[in-house]
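Trainee: With positions in the sequence shown counted from 1, the corresponding number in my numbering is that position plus 1198.
C-beta: ideal position from N, C-alpha, C; glycine also.
My questions will all concern the structure given below.
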Amino acid sequence: MIAQISQQDNANELINSYIDKLKSSGFTGDLDTSYATRIVNSTDNSIYQEVPQAVVFPKSNKDIQIALQTANQDPFLSLTFGPRGGGTGTNGQSLTPGIILDLSRHMREIIEINEEEKWVIVQAGVIKDQLNDFLRPFGYFFAPDLSTSNRATIGGMINTDASGQGSLVYGKTSDHVLGLKSYLVDGTELNTSKITKEQAELLAEQQASTSSVYKQVLTSCENNRELILKKFPRLNRFLTGYDLENVFNEDLSTFDLSRVITGSEGSLAVVSEAKLNITPIAPFKTLINIKYDSFDSALRNSPFLVDAEATSVETVDSKVLNLAKEDIIWHSVSDLIQDVPDKEMLGLNMVEFNGETENEMDDKINNLCNKLDALIENKQAGVIGYQLTNDKSEILKIYTMRKKAVGLLGNTKGKQKPLAFAEDTAVPPENLADFIAEFRTLLDSHNLHYGMFGHVDAGVLHVRPALDMCDPEQEKLLRKISDQVVSLTAKYNGLMWGEHGKGYRSEYGPEFFGETLFNELRKIKAVFDKNNRLNPGKICTPIESKDSLVSVDGQKRSWFDRKIDVTVKDSFENAMNCNGNGLCFNYDDDTPMCPSYKVTKDRRHSPKGRASLFREWLRIQEEQGVNLLEVEKQLINKENDTTWWERYRNSGSNNYDFNHEVKEAMDECLACKACSSACPIKVDVPTFRSRFLNFYHSIYLRPAKDLLVGNVEATAPLMAKFPRLNNFIVNNFPGKQFINNIIGYVDTPNLSVPTISERIKTKNKFDFEKVNLLSESEKINSVLIVQDPFTSFYEAELVAATIKLIEALGKNVFVLPFVPNGKPQHVKGFLKEFKTTAKNSSQFLNQVAELNIPMIGLDASLVMVYRDEYKTILNSEDRGHFEVKLAHELFESFDFSCIKINSNSSFTLLSHCTETTAMPSASKIWKNIFSQIGLELKTPTTGCCGMAGTYGHEKQNFDKSKVLYESSWKKKIENEQIETILSTGFSCRSQVKRFEGKKPLHPIEFIASKL
1199 MIAQISQQDN ANELINSYID KLKSSGFTGD LDTSYATRIV NSTDNSIYQE
1249 VPQAVVFPKS NKDIQIALQT ANQDPFLSLT FGPRGGGTGT NGQSLTPGII
1299 LDLSRHMREI IEINEEEKWV IVQAGVIKDQ LNDFLRPFGY FFAPDLSTSN
1349 RATIGGMINT DASGQGSLVY GKTSDHVLGL KSYLVDGTEL NTSKITKEQA
1399 ELLAEQQAST SSVYKQVLTS CENNRELILK KFPRLNRFLT GYDLENVFNE
1449 DLSTFDLSRV ITGSEGSLAV VSEAKLNITP IAPFKTLINI KYDSFDSALR
1499 NSPFLVDAEA TSVETVDSKV LNLAKEDIIW HSVSDLIQDV PDKEMLGLNM
1549 VEFNGETENE MDDKINNLCN KLDALIENKQ AGVIGYQLTN DKSEILKIYT
1599 MRKKAVGLLG NTKGKQKPLA FAEDTAVPPE NLADFIAEFR TLLDSHNLHY
1649 GMFGHVDAGV LHVRPALDMC DPEQEKLLRK ISDQVVSLTA KYNGLMWGEH
1699 GKGYRSEYGP EFFGETLFNE LRKIKAVFDK NNRLNPGKIC TPIESKDSLV
1749 SVDGQKRSWF DRKIDVTVKD SFENAMNCNG NGLCFNYDDD TPMCPSYKVT
1799 KDRRHSPKGR ASLFREWLRI QEEQGVNLLE VEKQLINKEN DTTWWERYRN
1849 SGSNNYDFNH EVKEAMDECL ACKACSSACP IKVDVPTFRS RFLNFYHSIY
1899 LRPAKDLLVG NVEATAPLMA KFPRLNNFIV NNFPGKQFIN NIIGYVDTPN
1949 LSVPTISERI KTKNKFDFEK VNLLSESEKI NSVLIVQDPF TSFYEAELVA
1999 ATIKLIEALG KNVFVLPFVP NGKPQHVKGF LKEFKTTAKN SSQFLNQVAE
2049 LNIPMIGLDA SLVMVYRDEY KTILNSEDRG HFEVKLAHEL FESFDFSCIK
2099 INSNSSFTLL SHCTETTAMP SASKIWKNIF SQIGLELKTP TTGCCGMAGT
2149 YGHEKQNFDK SKVLYESSWK KKIENEQIET ILSTGFSCRS QVKRFEGKKP
2199 LHPIEFIASK L
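Shown next as structure tokens:
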């Protein structure tokens, strides 16, 4: 059996006393010392791992001040803090062994906008895309861009002085900061903005607590001005952390303390609010995708493109392109980046032009296209083709692909994964091609694979060498390569960190700044934080401090992962491979991943969070001597050796068990499987969640609701024999109360009346012998419907409609007898029972498949089980080769032009989230079908409806289910007639009926109703 985990790395007594003190001091945010929360926050998007002592989630500026002021009292003076935003840093900037101050959960308010003066004031937890979505109706945007824009916070961008695409024109985050509200380590409020030098000098001479800060920064930056200008490279990606140069303007007439705080990685103060300038959105855009015969050609051609006065020039190599082609994201851009006939595309430059008028760009674009045509005709510069688009939605799709490509590198096959540790070097753009050629030679000398992409217009290229950090020798190689890259960038007059901050690379600071200037940094650190309590070890230490800087040799995730047996890691690679890129933190309600995180804002309830907890759970079980694969084999193939009485006794115990913390995170999962497709690493929470539940309930009892769900495919056919009686029971008051309070279910759906058996005509009932006697031409012209428990017993009218529609298309239709699919068992972790169900179902469907008649299912979540979970639980022989398609997959080849429907209305299709992520072309197919029958079909993007099978029916999830529905689906429905809303998911239709009072139709049902 698995081990009960009663011991954990507890927060110490001082931390617990501090938390108690905050509770009694008026702190209104969340305080968490649970091991689960600390583990989830022990990683970011880097290779490092540092377990904090606690995580504090302030709700206001007052909370931040209380947290810091309390820690400035005895006995808490030894406590250290690390501010945290989106946790998207690639160098461990937000990792700390102390207390995390996480501003991302609650401090997401956009406070004020001034359109005339072009500024906005936001809290630090506001997400970059959230801000731009807010600004778009006003005609503005916040210009600095980055690949993690849908989860990166403004506070994080400020602290790393982030930048990305278009920085040659738009600059870095610091170029857009007009003012900051920050808190010093003692809780003192510090408001900074650009002022005259004279004003700064007056502030420096006052007796205020911040006077020493102004005095030291003035002295350091003015007295060393000549050395600063000489030392800091003349690059678009100038040297930050701390930005000594831009505190002053060129003639030293103005002074801006915000420039020192921006890029300081939380080591000087906690930024809580920012006043930002905003940029008018250029109404006209053109993107030219230029294709090359090699990546070197793409790099060497970049100065030519910059000279064309483009707004931005982005590049990706063939490795990144090929990974994108294997991902669902490629469906959205394949028409925009087509292969060149008889040529191999090994590099791509994406060149963007922006303008206030079309004419403003025309000359630039035409001039560039003429030059490109000449290069192609003369076979010069490696240019093999290009495509141009002016459509903003298409441009957005291409950049979405480019952004996702960052994470896709982590999905490289094998143990060696491309890692971010020396990947944001910046050199003068004219030196970039030679620099990268030498960089590649360096990596090739170590026999490493790598991917490259970046911002060639700014001389920044992201290079991610593939290493296996669980191999100690390769970890040593990381250090060696880091040292070599530092030397290489210096040779080309560049920077080691052009975009992603220093973090654990802070040890290289003295080498880049030189002793004199680095000591000035330390003096500045000392006046802000003399005892080194804010993000200690990052950037620099106070001038008198003996503390050390963090190092690239710091503790890494691999130190934890190495303790897990290789066979176990391989078996659970869908959790182990999570690299922390955090796409599952996507704030956009109209994206399917991840609904549980969207509604709780708790990172434990995200794929990254669950993968982190599960990895730690695997490690501790291994530490306890548990052979998980052997235990699992016994649980699935034999019997549980823990008796019911032992499980009952365990369930009644109040003893701490880390298993419970992992279980709580897993319980919040909707099992929608969006992560298994939308995550660039393909982290598959429902799969490892199911395996965990199977383990967990080997030592703890299952709740009644799980037993109900796990057996629904056995009970539904029986209940369907008496549908009116069943519906009466679930709808009357005593029945509702029993189901609600005892079982824990709400809004139980009604069984279909008439039943499916009453709706299906004799000619449509499947008889193997009868169907087998059909001629080959008759079989080709036939379709088999595979039943599922939800449409067959709760929505039999859809099955009948499917028969009607397919027959109207001239086909024969046969409905297979109901055979359980096993999806409910898998969701609840009944893996022994699921294996039996899968084996029986496969045996039946393989026999039917011998007829060579296409089989279709009507609900995506169940059809996908045949494709995914069956292959996991069964060997290839037992799974066989049968194929069940979804209706739209078969309909794609059908001609619907024989059906014509007249309507003045346009219709809206809201797709099942499993279908959206696993089959991204589904909505396009339905759109084409509706076009054939003479109707317009809109297919807006949506998030999860909040039902997700039985999740929304569980009493404990009702409120969260409603929030999810209102955040996405309701917004698409509220301004439409419900008769014009269509939906492909059974659970989605049930959710709409619950909150709107009327169920939308499946597209099949709608078409059939018009025949």
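In terms of DSSP beta bridges, what is Trp-2167 paired with?
Mentor: Answer is none; Trp-2167 lacks a bridge partner.
Trainee: Roughly how many angstroms lie between the CA atoms of Phe-1493 and Val-1320, to the nearest whole one?
Mentor: 40 Å
Trainee: Asp-1449 and Ser-1372 - do their beta-carbons sit closer together than 8 Å?
Mentor: No, Cβ-Cβ distance for Ser-1372 and Asp-1449 is not below 8 Å.
Trainee: Using 10 angstroms around the beta-carbon of Glu-1995, count the other beta-carbons present and answer buried if the total reaches 16, otherwise exposed.
Mentor: buried
Trainee: Buried or exposed, going by whether 16 or more other CB atoms sit within 10 Å of the CB of Arg-1662?
Mentor: buried
Trainee: Between Asn-1547 and Val-1511, is the Cβ-Cβ spacing less than 8 Å?
Mentor: yes
Trainee: Hey, out of Arg-2192, Lys-1483, Leu-1833, whose CA is closest to Glu-1556's CA?
Mentor: Lys-1483
Trainee: When we look at the beta-carbon of Pro-2198 and count the other beta-carbons within 10 Å, is it buried (16 or more) or exposed?
Mentor: So Pro-2198 ends up on the buried side.
Trainee: To the nearest angstrom, report how far apart Leu-2043 and Gly-2078 are at their CA atoms.
Mentor: When rounded, the distance between both Cα atoms is 9 Å.
Trainee: Quick one: measure Cβ to Cβ for Pro-2118 and Ile-1526, integer angstroms, because I've assumed they're closer than 8 Å.
Mentor: 5 Å
Trainee: Which of helix, strand or coil does DSSP assign to Gln-1321?
Mentor: The answer is strand: DSSP assigns Gln-1321 an E or B state.
Trainee: What did DSSP end up calling Asp-1230 once you bin it into helix, strand or coil?
Mentor: Strand.
Trainee: Would you mind sorting Glu-1307 into buried or exposed? The rule is 16 or more other CB atoms within 10 Å of its CB.
Mentor: exposed
Trainee: Quick one: which unbroken alpha helix (DSSP H) runs of 4-plus residues sit fully inside the segment 1309 to 1387? Chain order, please.
Mentor: 1326 to 1333, 1352 to 1358, 1365 to 1368
Trainee: Taking 8 Å as the threshold, find out whether the segment 1651 to 1662 comes into contact with the segment 1621 to 1632 through three or more Cβ pairs.
Mentor: yes
Trainee: If distances are taken between C-alpha atoms only, which option among Gly-1285, Trp-1815, Asn-1312 comes closest to Ala-1234?
Mentor: Trp-1815
Trainee: What is the DSSP secondary structure of Gly-1583, counted as helix, strand or coil?
Mentor: strand
Trainee: Looking at the structure shown, is Arg-1282 part of a helix, part of a strand, or coil, going by DSSP?
Mentor: strand
Trainee: Along the beta strand (DSSP E) that carries Ala-1252, what are the first and last residues, could you check?
Mentor: 1252 to 1255
Trainee: Express the C-alpha separation of Ser-1215 and Leu-1344 in angstroms, rounding to a whole number.
Mentor: 40 Å
Trainee: Smallest Cα separation from Gly-1296: which of Gln-1328, Asn-1210, Gln-1585?
Mentor: Asn-1210
Trainee: What is the rounded straight-line gap between the Cα of Phe-1710 and the Cα of Leu-1693?
Mentor: Going by C-alpha positions, Phe-1710 is about 8 Å away from Leu-1693.
Trainee: Which residue or residues does DSSP assign as beta-bridge partners of Tyr-1246?
Mentor: Lys-1754
Trainee: Would you report the Cα separation of Leu-1607 and Thr-1351, rounded to the nearest angstrom?
Mentor: For the pair Leu-1607 and Thr-1351, the Cα-to-Cα distance works out to about 23 Å.
Trainee: Between Asn-1348 and Thr-1288, is the Cβ-Cβ spacing less than 8 Å?
Mentor: no
Trainee: Could I get the ranges of all uninterrupted beta strand (DSSP E) runs contained in the segment 1929 to 2003, with 3 residues as the minimum, in chain order?
Mentor: 1980 to 1983
Trainee: Among all the DSSP beta bridges, which residues are the ones paired with Asp-1454?
Mentor: Lys-1392
Trainee: For Asn-1729, tell me which candidate among Phe-2193, Lys-1934, Leu-1275, Val-1829 has the shortest Cα-Cα distance.
Mentor: Leu-1275
Trainee: Hey, is the segment 1920 to 1934 in contact with the segment 1958 to 1977, meaning 3+ C-beta pairs nearer than 8 Å?
Mentor: Proximity of the segment 1920 to 1934 to the segment 1958 to 1977 falls short of the contact definition, fewer than three beta-carbon pairs being nearer than 8 Å.
Trainee: Taking only the alpha-carbon atoms, compute the straight-line gap between Leu-1163 and His-1647 and give it to the nearest angstrom.
Mentor: Nothing about residue 1163 can be read from this structure; the chain reaches only from 1199 to 2209.
Trainee: Looking at the secondary structure, which residues open and close the alpha helix (DSSP H) in which Leu-1906 lies?
Mentor: 1902 to 1908
Trainee: What are the start and end residues of the beta strand (DSSP E) that includes Glu-1550?
Mentor: Glu-1550 -> beta strand (DSSP E) spans 1545 to 1553.
Trainee: With a Cβ-Cβ cutoff of 8 Å, do Gly-1605 and Pro-1915 count as a contact?
Mentor: Result no, Cβ atoms of Gly-1605 and Pro-1915 do not sit closer than 8 Å.
Trainee: Looking at C-alpha atoms only, which residue of Cys-2142, Val-1764, Ala-2206 is the closest neighbour of Glu-2005?
Mentor: Considering only Cys-2142, Val-1764, Ala-2206, the residue with the shortest C-alpha distance to Glu-2005 is Ala-2206.
Trainee: Using the Cα positions of Cys-1792 and Met-2053, report the straight-line distance between them to the nearest angstrom.
Mentor: Between Cys-1792 and Met-2053, the C-alpha separation is close to 31 Å.
Trainee: Alpha helix (DSSP H) containing Phe-1198: first to last residue?
Mentor: Outside the displayed span of the chain (1199 to 2209) sits residue 1198, for which this structure offers no information.
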